[in-house]
Amino acid sequence: MKIIVSIKQVPVRDSQLRIDAGGRWIQENDLSFEINEPDAYALEEALQLKEKQGGEVVALCLGPARASQTIREALAKGADRAIHIEEEDLTSFDTLGMAKLLAKAAEAEKPDLILTGLQSDDLGSGQTGVVMAEILGLPSATIIMAVETADSGIRVKRELEDGWFQNVEMPLPAVLTIQSGINKLRYATLMGIKKAKTKEVKRLTVGDLGVTSTPVAVIERVYLPQRTKQTQILDGSAREAAAKLVEKLKFEVRAI
Amino acid sequence: MSGVLVIMEQRGGAWSRMSWETLVAGQQLAKQTGSTVSAAVAGQGIGALANELASKRLDKVYAVEHQLLGAYTADGYTSALEHLVRNASPDIVLFPHTYQVRDFAPKLATRFGQVLISDTIGFRVEGGAPVFARQLFQGKLNADVKAGGPVPHFASVQAGAFRADQLEVGTAAVETFAPALSADKIRAKPDTPFRESTRAVDLTAADIIVSVGRGIKEKDNIPIVEELAQALGAELAASRPICDSGWLPMERQVGSSGQTVSPKVYMAVGISGAIQHLVGMKGAKTIVAINKDSNAPIFEVADYGIVGDLFEVVPALVEEVKKAKL
Numbered sequence: 029m030k031i032i033v034s035i036k037q038v039p040v041r042d043s044q045l046r047i048d049a050g051g052r053w054i055q056e057n058d059l060s061f062e063i064n065e066p067d068a069y070a071l072e073e074a075l076q077l078k079e080k081q082g083g084e085v086v087a088l089c090l091g092p093a094r095a096s097q098t099i100r101e102a103l104a105k106g107a108d109r110a111i112h113i114e115e116e117d118l119t120s121f122d123t124l125g126m127a128k129l130l131a132k133a134a135e136a137e138k139p140d141l142i143l144t145g146l147q148s149d150d151l152g153s154g155q156t157g158v159v160m161a162e163i164l165g166l167p168s169a170t171i172i173m174a175v176e177t178a179d180s181g182i183r184v185k186r187e188l189e190d191g192w193f194q195n196v197e198m199p200l201p202a203v204l205t206i207q208s209g210i211n212k213l214r215y216a217t218l219m220g221i222k223k224a225k226t227k228e229v230k231r232l233t234v235g236d237l238g239v240t241s242t243p244v245a246v247i248e249r250v251y252l253p254q255r256t257k258q259t260q261i262l263d264g265s266a267r268e269a270a271a272k273l274v275e276k277l278k279f280e281v282r283a284i
Numbered sequence: 002m003s004g005v006l007v008i009m010e011q012r013g014g015a016w017s018r019m020s021w022e023t024l025v026a027g028q029q030l031a032k033q034t035g036s037t038v039s040a041a042v043a044g045q046g047i048g049a050l051a052n053e054l055a056s057k058r059l060d061k062v063y064a065v066e067h068q069l070l071g072a073y074t075a076d077g078y079t080s081a082l083e084h085l086v087r088n089a090s091p092d093i094v095l096f097p098h099t100y101q102v103r104d105f106a107p108k109l110a111t112r113f114g115q116v117l118i119s120d121t122i123g124f125r126v127e128g129g130a131p132v133f134a135r136q137l138f139q140g141k142l143n144a145d146v147k148a149g150g151p152v153p154h155f156a157s158v159q160a161g162a163f164r165a166d167q168l169e170v171g172t173a174a175v176e177t178f179a180p181a182l183s184a185d186k187i188r189a190k191p192d193t194p195f196r197e198s199t200r201a202v203d204l205t206a207a208d209i210i211v212s213v214g215r216g217i218k219e220k221d222n223i224p225i226v227e228e229l230a231q232a233l234g235a236e237l238a239a240s241r242p243i244c245d246s247g248w249l250p251m252e253r254q255v256g257s258s259g260q261t262v263s264p265k266v267y268m269a270v271g272i273s274g275a276i277q278h279l280v281g282m283k284g285a286k287t288i289v290a291i292n293k294d295s296n297a298p299i300f301e302v303a304d305y306g307i308v309g310d311l312f313e314v315v316p317a318l319v320e321e322v323k324k325a326k327l
């Protein structure tokens with residue numbers, strides 16, 4: 029089975045974010061980056077499927093030059109090769125524009141399965157995989173918690189809300205968006221890290237793919253959210269703050 | 002028709018609660034843009050649901066009825082609603098931001114060369130068109146997003162962003178709409194939805210919940226918050242990553258994929274407050290947040306906050322609680 033995993037590089041989770049001078053995105057120069065967490069689970073799922081079925085795992089990433097670090101990590105974990113659509117300014121693309129680029133690059137590979145995380149931790153629009161499927165004319169399923177092969181193609185377990193699940197069968201090729209927690213992430217081994225250096229990374233530019241797309245959904249302004257509640261911040265040392273909180277819980281909330 | 006079209010969600014004849022909130026968003030958007038709002042419900046045997054909608058202040062109610070819509074499939078819903086939207090030609094289509102909508106609405110928007118502006122938390126009207134607000138970076142920042150390009154535009158509405166009790170009543174005519182669907186175009190074969198097991202832990206009955214998130218760093222640290230829960234006589238709960246890692250069982254998970262709770266006190270320890278978590282607990286009467294990051298979104302819903310290292314604050318808190326209970 030040939031599996032493409034679409035991965036994205038995002039700021040590390042604990043980053044202190046600052047809005048940039050243009051007010052439409054964040055300052056990226058002093059941040060560290062990592063693989064988008066749901067994409068890490070999608071990659072792991074692809075690697076496990078390959079271990080069971082045989083085949084090939086190709087990591088696909090749209091991002092600036094710095095994303096090559098995340099691509100190398102995917103190769104070190106076991107992806108066979110990678111495609112890097114190198115583009116420095118992603119803010120000039122909307123979800124449809126990005127999905128078109130990814131779909132075009134994926135199409136040329138004729139994969140049996142395309143996996144990606146259910147959403148990204150930065151934009152969080154949660155649709156890249158679904159839009160790719162629609163562009164490619166493939167069936168898709170989202171928020172997936174299990175994948176197994178079936179006579180007709182694949183059988184997947186969709187997570188619904190409130191503790192409900194649903195099994196769905198669909199033919200291949202197909203696109204799945206993977207939920208965090210579907211599997212246990214592996215670490216790259218020393219051997220894997222060594223091997224990654226020799227693996228192929230195909231570099232493409234937006235121009236190479238010949239995709240044109242005028243963005244329709246544009247971020248006009250980025251800003252700090254307004255607090256909806258007046259939070260009483262209890263300050264002082266850990267001990268002082270704890271004492272203040274217990275006082276509040278006892279006399280104001282009457283819960284102790 | 003122009004105006005706003007709200008796509009309601011039902012499963013097995015029962016409404017998704019968020020649909021009503023989205024309908025309120027639709028009514029308010031129509032009012033502010035000086036246009037009308039209609040609503041649609043899709044399924045099989047949905048006459049009663051459509052009649053219920055007809056008692057709201059709406060221009061029109063569409064009952065999108067087809068035997069192939071009995072069980073949800075992305076292909077079936079996308080094609081049926083594409084047909085409806087092409088016929089009704091609204092300017093804006095609104096959805097509740099449910100898991101089901103996430104499964105098909107991006108496909109639908111793509112068919113119109115559009116992007117679904119997803120998980121919006123509000124809007125303002127500028128030059129007769131809406132500018133939607135949505136969250137970035139798991140709620141750390143907000144963004145205003147304007148829909149451009151030819152109509153229709155598509156947006157989904159976050160749970161709790163609008164209040165269902167502000168729904169205006171009225172009367173509307175019901176129009177049954179028969180979408181063109183054929184079985185061979187529906188590629189997925191869904192089974193009946195199921196629940197994994199009956200829940201051994203009912204967090205909804207707890208008066209006090211101590212909930213733990215990523216800030217706890219590793220499994221071996223869980224006893225630190227366990228002790229706090231014990232001191233307070235509270236149930237222990239967790240955000241999704243903790244259960245994903247197997248540090249606490251899934252049945253203790255609070256959030257959109259876990260349980261929805263509204264205890265007297267909800268104490269979030271080392272939880273940043275991603276929206277998937279907030280929807281499960283923001284109904285708590287009192288929310289306490291303990292987090293080292295003063296910008297964490299959890300502080301937006303907290304009544305009391307301690308900005309600090311949980312490994313120092315929680316043990317101190319255990320001692321203070323014990324003292325207070327003497």
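Chains as they are written, first to last, in my numbering: chain L, 29 to 284; chain X, 2 to 327. Glycine included, every Cβ here is placed at the ideal spot set by N, Cα and C. Since the structure is predicted, the reported quantities are computational estimates derived from the model, not experimental observations.
Are the beta-carbon atoms of residue i and residue j separated by less than 8 Å?
i: Thr170 (chain L); j: Val33 (chain L); result: no
i: Asp60 (chain X); j: Ala173 (chain X); result: yes
i: Leu85 (chain X); j: Tyr63 (chain X); result: yes
i: Ile111 (chain L); j: Leu88 (chain L); result: yes
i: Arg135 (chain X); j: Ile118 (chain X); result: yes
i: Ser258 (chain X); j: Arg241 (chain X); result: yes
i: Gln101 (chain X); j: His67 (chain X); result: no
i: Gln11 (chain X); j: Leu69 (chain X); result: no
i: Ala232 (chain X); j: Ile210 (chain X); result: no
i: Val184 (chain L); j: Glu73 (chain L); result: no
i: Trp248 (chain X); j: Lys220 (chain X); result: yes
i: Ile35 (chain L); j: Leu75 (chain L); result: no
Chain L beta carbons: is any one of them nearer than 8 Å to that of residue i?
i: Arg58 (chain X); result: no
i: Ser263 (chain X); result: no
i: Lys108 (chain X); result: yes
i: Leu302 (chain X); result: Reading off the sequence shown, one finds Val at residue 302 (chain X), where the question assumed Leu. Yes, its Cβ sits closer than 8 Å to a Cβ of chain L.
i: Phe195 (chain X); result: yes
i: Leu168 (chain X); result: no
i: Ala26 (chain X); result: no
i: Pro191 (chain X); result: yes
i: Lys141 (chain X); result: yes
i: Ala148 (chain X); result: yes
i: Arg18 (chain X); result: no
i: Asp185 (chain X); result: no
i: Thr99 (chain X); result: yes
i: Ser90 (chain X); result: no
i: Tyr305 (chain X); result: yes
i: Leu30 (chain X); result: no
Distance cutoff 8 Å, beta carbons only. Does residue i sit that close to anything in chain X?
i: Ile261 (chain L); result: yes
i: Glu79 (chain L); result: no
i: Ile247 (chain L); result: yes
i: Gln194 (chain L); result: yes
i: Ala283 (chain L); result: yes
i: Ile163 (chain L); result: yes
i: Leu45 (chain L); result: yes
i: Pro150 (chain L); result: The question names Pro, yet the displayed sequence has Asp at residue 150 (chain L). So yes, Asp150 (chain L) belongs to the interface.
Rounded to whole angstroms, what is the Cα-Cα separation between residue i and residue j?
i: Asp122 (chain L); j: Thr242 (chain L); result: 8 Å
i: Gly129 (chain X); j: Gln33 (chain X); result: 8 Å
i: Leu237 (chain X); j: Ala230 (chain X); result: 6 Å
i: Leu82 (chain X); j: Gln115 (chain X); result: 15 Å
i: Gln159 (chain X); j: Ala75 (chain X); result: 20 Å
i: Gln147 (chain L); j: Lys326 (chain X); result: 45 Å
i: Met9 (chain X); j: Gly35 (chain X); result: 22 Å
i: Thr177 (chain X); j: Leu24 (chain X); result: 19 Å
i: Lys128 (chain L); j: Gly238 (chain L); result: 10 Å
i: Asp48 (chain L); j: Gln258 (chain L); result: 27 Å
i: Ser17 (chain X); j: Glu169 (chain X); result: 18 Å
i: Ala107 (chain L); j: Pro66 (chain L); result: 16 Å
i: Gly4 (chain X); j: His278 (chain X); result: 33 Å
i: Ser389 (chain X); j: Pro298 (chain X); result: Residue 389 (chain X) falls outside the range modelled here, since chain X spans only 2 to 327, and no answer is possible.
For my contact list, residue i and residue j are in at a C-beta cut-off of 8 Å; report their separation, rounded to the angstrom.
i: Pro199 (chain L); j: Gly181 (chain L); result: 4 Å
Any 3 or more C-beta pairs closer than 8 Å across the segment 143-158 of chain L and the segment 170-184 of chain L: Counting Cβ pairs under 8 Å, three or more are found: they touch.
Validate contact between the segment 188-198 of chain L and the segment 189-197 of chain X using beta carbons, cut 8 Å, 3 pairs: As far as the Cβ criterion goes, the segment 188-198 of chain L touches the segment 189-197 of chain X, which means the pair count is three or higher.
When the Cβ atoms of the segment 242-253 of chain X are set against those of the segment 306-318 of chain X, are three or more pairs found closer than 8 Å? The segment 242-253 of chain X is not in contact with the segment 306-318 of chain X.
Three or more C-beta pairs closer than 8 Å, one from the segment 265-277 of chain X and one from the segment 231-250 of chain L: is that the case here? No, they do not touch.
Should the segment 159-166 of chain L be regarded as contacting the segment 145-153 of chain X, the criterion being three or more beta carbon pairs within less than 8 Å? In the pairwise beta carbon analysis, the segment 159-166 of chain L is classified as not touching the segment 145-153 of chain X: fewer than three pairs are separated by under 8 Å.
Three Cβ pairs or more, each shorter than 8 Å: is that satisfied between the segment 260-279 of chain L and the segment 317-325 of chain X? Output reads yes: the segment 317-325 of chain X touches the segment 260-279 of chain L.
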